[in-house]
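So the structure is just underneath, and the comments pick up after that.
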Amino acid sequence: MSTVKESSPDPEVAGTGAYTWTGKSRQWFLRHLPPDKLLPEDQPSYVATWAYVFGMGAVAGLVFIIGSGVVLSLNGPQWYHVSSLGHFTNSVHLWSVELFFMFMVVHLWIKFWMAAWRGGRLLTWITGMVAFLVSIVTAFTGYLLQTNFDSQWIAFEAKDALNAVGIGAWFNVANLGQIFMWHIMLLPLAVGAVVALHVVMVRAHGVVPPLDAAETDAQLCDSNGTSPEPEANQP
Amino acid sequence: MLELMSQAPSPITPGTYFGWGDVMIQSGNLVVIIAMLVLFVLALVLPFPGGRSRK
């Protein structure tokens, strides 16, 4: 009976669950994102350099941004504009953003000079660029929420640019309530989703090897002993 | 409410600007850019702690 199950091409008979969308999804995830790839226990030796630290530094900054942002949103502007603890939490939010962007830009420079889109990692590169762009928009809406003359200046300079490209009618930087919702709801979800996708792509494809290790490093060979992907076939 | 708002600081200052011909940049922005360049260079030259003992 078991022999029939193993050899049958019918997934219902074989008991693989591939005849349901949940079963198909499970098989797809296990094939493309196996647990040992998502949560590896070690990394190749070339990862032990400061050049590979800044991506996770940016993620750490993002964790602090989201944590302090949640506290700010739970207590509201009258708390974080007036009380000492509110000022402190507001400052943690700001300086986390500063570190997030600084680490992200250094990460971008290093990965650019490493040509980190090699070896089928083009989508990893693209999701990183999208994360950078969405983060800029999110930070921009944050500066609009200072509710002082600085934010008023930024808003009224920006509204001309946004009107010029035709999106000022539904992304109105002079509408504080609308920008508040963009900043604490829609844009954080977008940043979180794109960054999560970026990290999953890094896990799925592995961290990019240094340029001079791509052809010869034995650690790039997989467990079956096959050679690494040739550079000529990479995008 | 007005009393609360009056306690809020108004830290709006123009800041310090540096200029070379057509190029002008605020001191804070210049510091951030220099810090990123320094981080980039240090990441390439500084040894990583424990790096040699790994496989």
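Line by line, the protein sequences give chains A and B. Position one of the first sequence corresponds to residue 1 (my numbering), numbered consecutively onward. Position one of the second sequence corresponds to residue 236 (my numbering), numbered consecutively onward. Cβ coordinates follow ideal geometry from the N, Cα and C atoms, glycine included.
Practice prompt. Could you tell me whether the stretch 81-96 of chain A touches the stretch 121-129 of chain A, where touching means 3 or more Cβ pairs closer than 8 Å?
Written response: no
Worksheet item: Mapping DSSP to helix, strand and coil, what is Y252(B)?
Response: strand
Discussion item. Does P40(A) pass the burial test, meaning 16 or more other C-beta atoms within 10 Å, or should it be called exposed?
Written reply: exposed
Worksheet item: Along chain A, in chain order, which residues have C-beta atoms closer than 7 Å to that of R283(B)?
Response: Residue 283(B) is actually Phe in this sequence, not Arg. A48, T49, W50, listed in chain order.
Discussion item. Please confirm whether V267(B) has its beta-carbon closer than 8 Å to some beta-carbon of chain A.
Written reply: yes
Worksheet item: Looking at the structure shown, is M201(A) part of a helix, part of a strand, or coil, going by DSSP?
Response: helix
Practice prompt. Please check the pair T141(A) and I179(A), which I expect to be a contact at CB under 8 Å, by giving their CB distance rounded to whole angstroms.
Written response: 5 Å
Worksheet item: Taking all protein chains shown into account, do 16 or more other C-beta atoms lie within 10 angstroms of the C-beta of H32(A), making it buried, or fewer, making it exposed?
Response: exposed
Practice prompt. With a 10 Å radius around its C-beta and 16 neighbouring C-beta atoms as the bar for buried, classify K264(B) as buried or exposed.
Written response: Going by the sequence as given, residue 264(B) is Asn instead of Lys. Exposed, because fewer than 16 other Cβ atoms sit within 10 Å of the Cβ of N264(B).
Worksheet item: What runs of the alpha helix (DSSP H), each 4 residues or longer, lie entirely inside the stretch 117-183 of chain A?
Response: 122-144, 149-164, 176-181
Fill in: Beta carbon proximity, M102(A) to chain B, threshold 8 Å
yes
Worksheet item: What residue from M102(A), A158(A), A115(A) has the CA that sits closest to N175(A)'s CA?
Response: A158(A)
Worksheet item: Which partner residues of Q261(B) appear in the DSSP bridge assignment?
Response: Y252(B)
Practice prompt. Put S83(A) into one of helix, strand or coil per three-state DSSP.
Written response: coil
Worksheet entry | chain B residues whose Cβ lies nearer than 8 Å to that of F54(A) | L274, A278
Practice prompt. Consult DSSP for E244(A) and reduce its assignment to one of helix, strand or coil.
Written response: The shown model of chain A, from 1 to 235, leaves out residue 244(A), and the question about it has no answer.
Worksheet item: Between H183(A) and F29(A), what straight-line distance do the alpha-carbon atoms span, to the nearest angstrom?
Response: 32 Å
Fill in: DSSP state of T20(A) mapped onto helix, strand, coil
coil
Discussion item. Tell me the residue span of the alpha helix (DSSP H) that contains V53(A).
Written reply: Looking at the DSSP string, V53(A) is not in any alpha helix (DSSP H), and its letter there is neither H nor E.
Practice prompt. Could you have a look at L61(A) and say whether DSSP puts it in helix, strand or coil?
Written response: It should be pointed out that residue 61(A) corresponds to Gly in this sequence rather than to Leu. Note: G61(A) maps to helix in three-state DSSP.
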